[in-house]
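Let me begin by presenting the structure, written as structure tokens, before commenting on it.
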Amino acid sequence: MKELIDVATTPLAEHPYLFRHSERVPGTRELVVHPNYVVFYQVTETEVEILSVAHTRQQFPESH
28 MKELIDVATT
38 PLAEHPYLFR
48 HSERVPGTRE
58 LVVHPNYVVF
68 YQVTETEVEI
78 LSVAHTRQQF
88 PESH
């Protein structure tokens with residue numbers, strides 16, 4: 028799974044806005060790396076920060 032995540036996130040360095048805004052975690056973007064796993068990340072002025080890798084069955088906090 029680690030290798031799959033590494034390969035899937037490599038394009039973020041050159042194309043940080045390639046993936047959609049997350050509806051599950053406000054203020055982030057999400058990349059589905061496997062049908063059961065999602066990478067949540069955020070783009071700053073200087074970097075792409077991977078915040079979390081989560082299983083899709085995980086409950087996410089509701090946005091208010």
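With positions in the sequence shown counted from 1, the corresponding number in the working numbering is that position plus 27.
Ideal Cβ positions, reconstructed from N, Cα and C, are used throughout, including at glycine.
Secondary structure at Leu45: coil, using DSSP grouped into helix, strand and coil.
Burial of Tyr68 is indicated by the presence of at least 16 other C-beta atoms within 10 angstroms of its C-beta. In the three-state reduction of the DSSP assignment, Val52 falls in the coil class. When DSSP states are grouped into helix, strand and coil, Glu72 belongs to the coil group. Following the DSSP letters along the chain, one finds Thr37 in no alpha helix (DSSP H), marked with neither H nor E.
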